[in-house]
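Okay, structure first, notes after.
Residue numbers (UniProt numbering): 1 to 695.
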């Protein structure tokens, strides 16, 4: 009997796939990559056409030995690694490591681990696609050259084993730019005005918002303007001047891509991107379901596509018709136009969907962990909803006249649930619509009962979260579905960025690294350049560009920037800064050093004396609460703030740097925001120009 060997990446897949194949198939796992560039050296021959030097990954010798034994017995070998560039590269590395040239070797790939998909892939076996392998090689070599060339420069400047990366440095810069925007933001005062009306014949009050005049919208900037408008409204005649009724529909959401799944899982389930990908991987590779054995529950999790196969589409529509009624079945499949006209390799896949739509989450709940169930339910609901009719709303918009001024009120109510029966996005769940009185028209009699007015201040841009950073990286064309989670995990693990309550903040270390990158390696941290490089990698995957030519065009500019930075850095002699803090153990004056969390005080007598203590940098400003010195402090995760040296006795703290100046308007302390000084008392809002005062 013929003997066939199928090599997959993970042991979990072995269990899932074994069930679908006959006894003459042996299924084994490579446990991911088997070869890579060495860790101890660059591993790229810069003198000889950038040839990569691959070595067997430590610990993989035993796995390869086991595979070699089976290769000898096999009549045919099927390489069944993941269906993307990295999977293609792993298959190619297996070819090389197992010396399979000349043997009957076939590449098979499937978007879901189901019996029909695996059987179909065997019928459509093909050769390894070297264009995809070369695109992955180019990414790996580019990243390695950038890391190995720039990291020593950072190390020399900051005196620690720091590192830089092609995509992570841009992600860091995006976060840093947003932090700068927030720091420089000056809040502007504005007021809101609501009027409460009694409509004759109605029990519910009607709450309308101030719009402006009949000709234009008005923003109320301060209390003075508010009082003037209130005085003019006091004796005004209130009447309904316009009522518009209509219908609007909201389309069903598209099924998940990697990016949208990461964003929604963050918002709805509070998952970090790395957690989302880890659990999605488990669902894709297979979970032990009672009565069914190991089953792959979802399709491949790294995809840019919102496309769905005809079979899955038909099955979903049939399920919707049966579960919710035929009137809920969508008329035509929702599809999004793909980037690059759909030629992107990650778009060779479908969207992320359940492998079998009839496997309802509630029915398999007891076979899943809590997190697996929640993520599977999210994917399942979104997919089912994508094949359903739009939700329909009845809208009412009312304009109320008060002499020349106008108030407006608008509300909507659902008249057909549509896809909302299956799935409501997390953003929409939090929104609550206005309540409209049942009957209102131009003849309705209104009585003004009261006004509600409030002072507000404009808010700065929001700090990035993992979800919003993924969205931005995708919109800018930086990275690919497989790179979002590792990029974010890397900058957090290296303590360049701190994550607090979902928000991402720059640490002192991150600021230092970002400033050096911006100063010396402008193109590496340039958003457009990085997106352009991603485009070139896509062109390699499409067979339009030779991969080594991309590297050879990129390298000279990088090398020149490194040499220039090294020369400039040679003139900057970084010596330990001696402080007046005396080491209580040996009497020497302590020095400032950099650690993984930023600056700290250390005894220069190391290694004989190992005394260290936190470095509290005084900023030369007295604490507005107790008069002692304000010092630069850091949260446990490395985010900088300004606090009193007498903490915890004095609890003063500020995210912005306090100034010596007091506010001339209210006497409170002032803080620096870009080139301005702003009153620390939000209710005051006084702002003055810092530069003029310094001159």
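The beta-carbon is built from N, C-alpha and C at its ideal position, and this holds for glycine as well. Bear in mind that the values here come from a model prediction, so they are computed numbers and not experimental data.
**Study point:** For residue 221, three-class secondary structure by DSSP
**Key:** coil
Review point. Excluding the five sequence neighbours on either side, which residues of its own chain have a C-beta within less than 7 Å of the C-beta of residue 489, listed in chain order?
Key: 274
Review point. Going by DSSP, what residues sit across from residue 352 in a beta bridge?
Key: 256
Point to revise | residue 93, DSSP secondary structure in three states | key: helix
Review point. Would you call the stretch 64-80 and the stretch 4-16 in contact, with 3 or more CB pairs under 8 Å?
Key: yes
Point to revise | Cβ distance (whole Å) where residue 258 is taken to contact residue 303 below 8 Å | key: 6 Å
Check your understanding: Near residue 426, what residues of its chain come up, given a Cβ to Cβ distance below 6 Å and the 5 sequence neighbours on each side ignored?
Key -> 267 and 268
Practice item. Could you check if residue 665 is buried or exposed, using at least 16 other CB atoms within 10 Å of its CB as the buried criterion? Key: exposed
Point to revise | residue 320: first and last residue of the uninterrupted beta strand (DSSP E) it sits in | key: Segment 310-324 is the alpha helix (DSSP H) holding residue 320; no beta strand (DSSP E) there.
Review point. On the premise that residue 623 lies in contact with residue 650, defined as a C-beta separation below 8 Å, what is that separation, rounded to the nearest angstrom?
Key: Between residue 623 and residue 650 the Cβ distance is about 6 Å, and since that is below 8 Å, they are a contact.
Review point. What are the boundary residues of the alpha helix (DSSP H) that residue 205 is part of?
Key: Segment 205-213 is the beta strand (DSSP E) holding residue 205; no alpha helix (DSSP H) there.
Practice item. Identify the continuous beta strand (DSSP E) that holds residue 621 and give its terminal residues. Key: 617-622
Exercise for review: Assign residue 697 to one of two classes, buried (16 or more other C-beta atoms within 10 Å of its C-beta) or exposed (fewer than that).
Suggested key: Nothing about residue 697 can be read from this structure; the chain reaches only from 1 to 695.
Review point. Based on the DSSP output, what are the partners of residue 707 in its beta bridges?
Key: The structure shown does not extend to residue 707, since the chain spans only 1 to 695, so no value can be given for it.
Practice item. Quickly, what does DSSP pair residue 295 with across the bridge? List them, please. Key: 287
Check your understanding: Roughly how many angstroms separate the alpha carbons of residue 239 and residue 407, rounded to a whole number?
Key -> 10 Å
Review point. By how many angstroms is the C-alpha of residue 255 removed from the C-alpha of residue 421?
Key: 16 Å
Check your understanding: Based on Cα-Cα distance, which residue from 182, 136 and 366 lies nearest to residue 290?
Key -> 366
Check your understanding: Looking only at its own chain, which residues have a Cβ that is under 8 Å from the Cβ of residue 96, when we skip the five neighbours before and after it?
Key -> 35 and 54
Exercise for review: Assign residue 559 to one of three DSSP states: helix, strand, or coil.
Suggested key: helix
Point to revise | Same chain, Cβ closer than 7 Å to residue 335, neighbours up to 5 away in sequence not counted | key: At residue 335 the pLDDT is 47, less than 50, meaning the model places this residue with poor confidence; the figure from the coordinates comes in the next sentence. Apart from sequence neighbours up to five positions away, the residues of its chain that approach residue 335 with a beta-carbon distance below 7 Å are 306 and 307, ordered along the chain.
Point to revise | Among 100, 516, 593 and 603, nearest to residue 562 - alpha-carbon criterion | key: 516
Point to revise | Touch test, the stretch 448-458 against the stretch 186-193, Cβ-Cβ under 8 Å, three pairs minimum | key: yes
Review point. If you check the beta carbons only, do residue 233 and residue 405 fall under 9 Å apart?
Key: The criterion of a C-beta distance shorter than 9 Å is satisfied by residue 233 and residue 405.
Exercise for review: Could you name the residues of the same chain whose beta carbon sits closer than 6 Å to that of residue 146, not counting the 5 residues immediately before and after it, in chain order?
Suggested key: 166
Check your understanding: Is the beta carbon of residue 618 sitting closer than 9 Å to the one on residue 584?
Key -> no
Check your understanding: Are there 16 or more other CB atoms within 10 angstroms of the CB of residue 680, so buried, or fewer, so exposed?
Key -> buried
Review point. Is the beta carbon of residue 514 less than 9 Å from the beta carbon of residue 162?
Key: Cβ atoms of residue 514 and residue 162: not closer than 9 Å.
Review point. Below 8 Å, can you find three or more Cβ-Cβ pairs linking the stretch 537-556 to the stretch 137-145?
Key: yes
Check your understanding: Can you tell me whether DSSP reads residue 152 as helix, strand or coil?
Key -> Here DSSP, grouped into helix, strand and coil, assigns residue 152 to helix.
Point to revise | Nearest neighbour of residue 322, chosen from 387, 504, 568 and 174 [CA to CA] | key: 387
Check your understanding: Apart from the five residues on each side of it in sequence, which residues of its chain come closer than 7 Å, Cβ to Cβ, to residue 640?
Key -> 508, 632 and 634
Check your understanding: What residue does the beta strand (DSSP E) around residue 484 start on, and which one ends it?
Key -> Looking at the DSSP string, residue 484 is not in any beta strand (DSSP E); the run it does join, the alpha helix (DSSP H), is 484-493.
Point to revise | Reduced DSSP secondary structure (H/G/I, E/B, other) of residue 369 | key: coil
Review point. For the putative contact between residue 209 and residue 409, defined by C-beta atoms under 8 Å, what is the C-beta separation to the nearest angstrom?
Key: Residue 209 to residue 409, Cβ: 7 Å. Contact.
Point to revise | residue 428 vs residue 13 beta-carbon contact at 9 Å | key: No, Cβ-Cβ distance for residue 428 and residue 13 is not below 9 Å.
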